[in-house]
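Heads up: the structure comes next, in structure tokens.
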Amino acid sequence: MSKADKVKARAPRGFADRGPADLAATERMLASIRKTYELYGFEAVETSFVEYTDALGKFLPDQERPNAGVFSFQDDDEQWLSLRYDLTAPLARYVAEHFDALPKPYRSYRAGWVFRNEKPGPGRFRQFMQFDADTVGAASVAADAEICMMAATTLDHLGLEGQYVIKVNNRKILDGVMEAAGLDGDDKAGQRLIVLRAIDKLDRLGLKAVEQLLGDGRKDDSGDFTKGAGLNPGQIDTIINFVGAGDGEISSARGVSNVATLDNIEARVALSPKGLDGLRELRDMAVLIEAAGYGNGRIVIDPSVVRGLEYYTGPVYEAELTFQVADEDGKAVRFGSVGGGGRYDGLVGRFRSEPVPATGFSIGVSRLLSALQLMKSPIVSGKEAPGPVVVLVMDKNEIAAYQRMVMTLREAQIRAELYLGSSGMKAQMKYADKRNAPCVIIQGSNERERGEVEIKDLIEGARASDAIVSNAEWKAARPAQFSVSEAGLVDAVREVLARHFA
RNA sequence: GCAGCCGUAGCUCAGUUGGUUAGAGCACCAGAUUGUGGAUCUGGGGGUCCCCCGUUCAAGCCGGGGCGGCUGUACCA
Numbered sequence: 356m357s358k359a360d361k362v363k364a365r366a367p368r369g370f371a372d373r374g375p376a377d378l379a380a381t382e383r384m385l386a387s388i389r390k391t392y393e394l395y396g397f398e399a400v401e402t403s404f405v406e407y408t409d410a411l412g413k414f415l416p417d418q419e420r421p422n423a424g425v426f427s428f429q430d431d432d433e434q435w436l437s438l439r440y441d442l443t444a445p446l447a448r449y450v451a452e453h454f455d456a457l458p459k460p461y462r463s464y465r466a467g468w469v470f471r472n473e474k475p476g477p478g479r480f481r482q483f484m485q486f487d488a489d490t491v492g493a494a495s496v497a498a499d500a501e502i503c504m505m506a507a508t509t510l511d512h513l514g515l516e517g518q519y520v521i522k523v524n525n526r527k528i529l530d531g532v533m534e535a536a537g538l539d540g541d542d543k544a545g546q547r548l549i550v551l552r553a554i555d556k557l558d559r560l561g562l563k564a565v566e567q568l569l570g571d572g573r574k575d576d577s578g579d580f581t582k583g584a585g586l587n588p589g590q591i592d593t594i595i596n597f598v599g600a601g602d603g604e605i606s607s608a609r610g611v612s613n614v615a616t617l618d619n620i621e622a623r624v625a626l627s628p629k630g631l632d633g634l635r636e637l638r639d640m641a642v643l644i645e646a647a648g649y650g651n652g653r654i655v656i657d658p659s660v661v662r663g664l665e666y667y668t669g670p671v672y673e674a675e676l677t678f679q680v681a682d683e684d685g686k687a688v689r690f691g692s693v694g695g696g697g698r699y700d701g702l703v704g705r706f707r708s709e710p711v712p713a714t715g716f717s718i719g720v721s722r723l724l725s726a727l728q729l730m731k732s733p734i735v736s737g738k739e740a741p742g743p744v745v746v747l748v749m750d751k752n753e754i755a756a757y758q759r760m761v762m763t764l765r766e767a768q769i770r771a772e773l774y775l776g777s778s779g780m781k782a783q784m785k786y787a788d789k790r791n792a793p794c795v796i797i798q799g800s801n802e803r804e805r806g807e808v809e810i811k812d813l814i815e816g817a818r819a820s821d822a823i824v825s826n827a828e829w830k831a832a833r834p835a836q837f838s839v840s841e842a843g844l845v846d847a848v849r850e851v852l853a854r855h856f857a
């Protein structure tokens, strides 16, 4: 078979493999998050990767095929199925399906993979992990406040204290502001969407760009033109005034108290009744947040937060990391949002006759992990676990004896393996080195006749090699190597391990 | 989707006005060392020069089209 006929080995774009170091780091991070969620009284639940597409609400208006952003396929009865694209819609399905059996309010958490068929980029994958917590069946903003505080606590427990901000806004206020700008009515729905998207870009593009996007439009660096919302100057003023109510400039409204921000909004914008309703909700939340001690910089009311554009109905939140680090090339990396959420009072109600209020928060696990890795957090960069002890095969006729040594080590709860390849001793040493083996066990005919085994401490040996220049010397010295009786194998290996991993 | 930049070995890249059999470093494998991971030296494997069409005596290099990657932007429910 010529090489041209061979399949090219490559992961599909937007999908990533994960090695042992990443897996261990992820596991440590997830354990910390899980512990916090449990502490807050949330219970675990898991739903399937695949849902009926209509349960996700992802059919296009023509009702014939699913939205392009969702991985979908047809069952043998022609029903459309989709890979879940978040954990919220499936939870709504789960709660509706088991409504009678669940305690209300129902407080649950879950971690899992979600899939989006979108253009991937740095830090953006088509398969990624989210870790959600939701309270279903509680209409009170106390539930929203609690979720925000738990998000803050979670990041605190991950060692990010003082390096993040949970930003809070309310979709009702956004609607109220747009109504105040004369953007109410069904015929202006498209325009409202453009306005929300423009506000959402404040962080990334700045105030000037947002103004352009609210007006005629904006030309970006590549020369590409984005059509704007076409608002008149008065309308633009109303929106910009509102967005700037945090600290008059941009989003991270540090130094401005939440109450002051709310007063600002009220003073600057003649909100509609719906907007005032949202404002009152945020005031209630601010009181709870203040009382619990989260008021001072950890949870901040920020008028520029928009979040996902469809199912949110009330308070929305976004967790943003505020520090900057440089990547391997020395370029500054902005993490942006590592999580977000909000109130979605209509989602469960799609399955039931009565409305079911709900609110939740979602952590982007993959993105948070890379942030923690770039800032060299101890949670993800903990000391690497030692590899297995490798028993070398010096004599292929004695494999049964080597296998017995492996079993003896395993029975003593020591990670161990027999070298299963076919190469010579040098290659076996290289193998053990690459496996991070703390030591190797060597028994050739000489040792066997004496009833002994050689133990070579690879960590100590590597250290000793620094001082040695010639290979002859290196070989002759056999650094960090000693001989024990076969019966003393386990004790000797334990001693080596204790030397390095006590 | 739109725009800009870029496609040569597993990785990073060199390759003259178009001219023999396309190179380097790193990585990998082996030997020097019949039983010792480092270092050194020697050797080796590995290429559809992204693909197709065209121009030419001759294309990695020139032209057209396609595909892929990166960046920005849009979309992100």
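Just remember that our numbering sits 355 ahead of the position in the first sequence, which is counted from 1.
In this text, a Cβ means the ideal position worked out from N, Cα and C, and glycines have one as well.
Query                                                                                                                : Result
Closest residue to Ala-379 among Phe-370, Ala-831 and Ala-740 (Cα-Cα distance)                                       : Ala-740
Close-in-space but distant-in-sequence residues of the same chain around Ile-388 (CB under 6 Å, 5 per side omitted)  : Phe-486 and Thr-509
Between the CA atoms of Ala-488 and Phe-397 - distance to the nearest angstrom                                       : 7 Å
Nearest candidate by alpha-carbon position, reference Asn-725, set Met-484, Leu-411 and Gly-650                      : Before going further, note that residue 725 is Ser rather than Asn in the sequence given. Ser-725 has its Cα closest to that of Met-484, out of Met-484, Leu-411 and Gly-650.
Endpoints, beta strand (DSSP E) assigned at Met-484                                                                  : 482-491
Cβ neighbours of Phe-597 in the same chain (closer than 7 Å, five flanking residues each side left out)              : Val-532, Ile-620, Arg-623, Val-624 and Pro-658
Exposed unless 16 or more other CB atoms sit within 10 angstroms - verdict on Met-640                                : buried
Straight-line gap, Lys-582 to Asp-575 (C-alpha atoms, nearest Å)                                                     : 11 Å
Candidates Val-523, Lys-522 and Ala-506: closest to Gln-515 by CA position                                           : At residue 515 the sequence reads Leu, which differs from the Gln that was named. Of the listed residues, the one whose Cα sits closest to Leu-515 is Ala-506.
Whole-angstrom distance between Ser-612 and Ala-862, CA atom to CA atom                                              : Coverage of the chain is limited to positions 356 through 857, which leaves residue 862 absent and any answer about it impossible.
Val-671 beta carbon less than 7 Å from that of Asn-524                                                               : yes
Which residues DSSP lists as bridging Gln-836, in chain order                                                        : Lys-811
Tyr-519 versus Ala-842: straight-line alpha-carbon distance, rounded                                                 : 56 Å
Environment of Arg-805 [buried if 16+ CB atoms lie within 10 Å]                                                      : exposed
Host beta strand (DSSP E) of Asn-613 (start-end)                                                                     : No beta strand (DSSP E) holds Asn-613; the alpha helix (DSSP H) holding it covers 613-623.
C-alpha gap between Lys-830 and Gly-816, whole angstroms                                                             : 11 Å
Sequence ranges, alpha helix (DSSP H) only - wholly within the segment 492-546, length at least 4                    : 496-510 and 526-535
7 Å Cβ cutoff met for Tyr-666 and Leu-702                                                                            : yes
Segment limits, alpha helix (DSSP H) that includes Thr-714                                                           : Per DSSP, Thr-714 belongs to no alpha helix (DSSP H); it is in the beta strand (DSSP E), 713-719.
Those residues which DSSP pairs with Phe-428 across a bridge                                                         : Leu-436
7 Å Cβ cutoff met for Arg-439 and Glu-401                                                                            : no
Inter-residue Cα distance where the pair is Ser-820 and Thr-763                                                      : 30 Å
Thr-581, DSSP secondary structure in three states                                                                    : strand
Three-state secondary structure (DSSP) of Ala-819                                                                    : helix
Where Ala-608 falls: helix, strand or coil (DSSP)                                                                    : In this predicted model, Ala-608 has a pLDDT of only 45, less than 50, meaning its place in the structure is not dependable enough to derive any value.
Neighbourhood of Leu-723 by C-beta, 6 Å cutoff - its chain only, sequence neighbours within 5 removed                : Val-693
Lys-574, DSSP secondary structure in three states                                                                    : strand
Which listed residue (Ser-825, Ala-822, Ser-840 and Ile-814) has its alpha carbon closest to that of Val-851         : Ile-814
Residues near His-512 in its chain [Cβ-Cβ closer than 6 Å; skip 5 each side]                                         : Ser-387 and Thr-391
The segment 708-719 in contact with the segment 434-448 per 3-pair CB rule at 8 Å                                    : yes
Extent of the continuous alpha helix (DSSP H) run through Val-851                                                    : 844-856
Val-795 beta carbon less than 7 Å from that of Lys-811                                                               : yes
Cβ pair Val-469, Asp-441 closer than 7 Å                                                                             : yes
Gly-603 (DSSP reduced to helix, strand or coil)                                                                      : Bear in mind that the predicted position of Gly-603 carries a pLDDT of just 43, short of 50, making it unreliable; the figure below should be weighed with that in mind. Gly-603: coil per DSSP, three-state reduction.
Beta-carbon proximity list for Ala-410, same chain, < 6 Å, skipping 5 on both sides                                  : Arg-448
Nonlocal neighbours in the same chain, by C-beta distance under 6 Å from Ala-359, ignoring five residues either side : Bear in mind that a pLDDT of 47 at Ala-359, under 50, signals an unreliable position, so the number given afterwards is only what the model happens to contain. Nothing meets the Cβ criterion.
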